[in-house]
Each structure stands twice: as C-alpha cells, then as structure tokens.
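Here is the structure we will look at, set down as structure tokens.
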Amino acid sequence: MGLRNELVDLQMKTMNVLHRAVFTLSGGRVLASFGSMPAVELHTIGRSSGKRRATMLTAPVHDRHRYVLIASKGGDDRNPQWYLNLVANPEVELTVYGTTMPMRARTASPEEKAELWPQIVTAYKGYDGYQQKTSRDIPVVICEPR
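Quick note on the numbering used here: the sequence shown kicks off at 807 and runs consecutively.
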C-alpha cells in the first residue's frame with residue numbers, strides 16, 4: 807500500500823505543478839476553467855511546517871459569496887494534504903481570475919453536502935465516480951469571505 811500511496815501523491819503533485827505552470831505562463835488564459843468550473847488557487851498554511859502552500863483546484867459551485875471545493879484526491883482513500891491544512895487553519899486565501907481573496911474554509915455539514923452534491927456532480931460527473939471509488943466520505947469545503 808505504501809508504494810501505491812507514494813505514486814498517487816506523486817501524480818497529484820505533478821498535476822498540480824503542471825497546472826500552475828501552464829496557468830502562470832499563459833497569464834491565466836489557459837486552464838483558467840474546466841467546463842463551468844473556474845480554476846482556483848487555494849493558499850493554506852501547512853499544519854506541520856507553518857509554510858504557505860498553494861494548490862490548484864476547481865470550484866464546481868461558486869457565486870460572489872462562496873466557492874465550493876471538493877477534497878476528492880481522485881477517489882483516493884486518504885484526504886488531500888490541502889484539506890488537512892485548512893481543517894487545522896481555516897483562514898485561507900483563494901486566487902480566482904487573478905484576484906486573491908481572504909476566505910474562511912469549513913467542511914460542509916451532511917445536510918449542506920446533500921444539498922450541494924447534485925450541483926457538484928452536474929458540474930463534473932467524475933466526482934460521483936470518485937465517491938464510489940472510496941469508502942471515505944469525500945469532504946465538501948465551503949469557502950466564504952472573511
């Protein structure tokens with residue numbers, strides 16, 4: 807199981823680095839969205855290191871008052887590191903279309919998740935497959951302005 811976890815983590819890190827590189831080199835014009843989901847750069851504080859961390863994600867549900875993120879890690883049985891970081895320190899920042907906003911992140915309640923999940927799956931059907939792939943209840947994260 808150790809090698810499989812290492813490979814999954816390497817794949818996720820590689821995808822994140824490539825997404826950020828293409829996004830940055832294109833001045834935010836390429837990979838700014840995935841279908842109807844805007845690309846967002848989540849800034850957290852590492853729970854162990856105390857260092858600022860950045861992760862490229864998408865927000866399947868969003869409006870002026872909130873961005874919803876999915877801690878799917880591709881259906882892996884472990885939560886992503888960025889999720890563990892924001893649980894430890896919910897004061898985050900999101901950069902969307904070049905604007906960085908201070909936000910407070912929280913895990914959606916079971917009722918909120920049940921209400922949001924159909925919208926999430928409408929935006930990207932893959933999330934439903936990720937949930938079926940794991941016994942872990944994939945967290946839905948709601949980011950709201952501080």
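In this text, a Cβ means the ideal position worked out from N, Cα and C, and glycines have one as well.
Straight through space, the alpha carbons of L890 and T901 are spaced by roughly 19 angstroms. Counting along the chain, the unbroken beta strand (DSSP E) around I851 starts and ends at 843–851. T850 has its alpha-carbon roughly 11 angstroms from the corresponding atom of R910. With respect to the C-alpha of M862, the residue from R853, S854, K879, G856 having the closest C-alpha is K879. For T928, the enclosing alpha helix (DSSP H) begins and ends at 916–929.
Between the region 842–859 and the region 891–900, the count of C-beta pairs closer than 8 angstroms reaches three or more; the two stretches touch.
According to the DSSP assignment, A877 belongs to no beta strand (DSSP E), since it is labelled neither H nor E. For A860, the enclosing beta strand (DSSP E) covers residues 858–864. The beta carbon of M907 lies closer than 7 angstroms to those of E899, L900, P951 in the same chain, with the five residues before and after it left out.
Here D883 is exposed, its C-beta having fewer than 16 other C-beta atoms within 10 Å.
Straight across, the Cα-Cα distance linking W923 with N895 is about 25 angstroms. The beta carbon of E918 sits closer than 8 angstroms to the beta carbons of V946, I948 from its chain, once the five residues preceding and following it are set aside; these are given in chain order.
Assignment of beta-bridge partners to A911 by DSSP yields C949.
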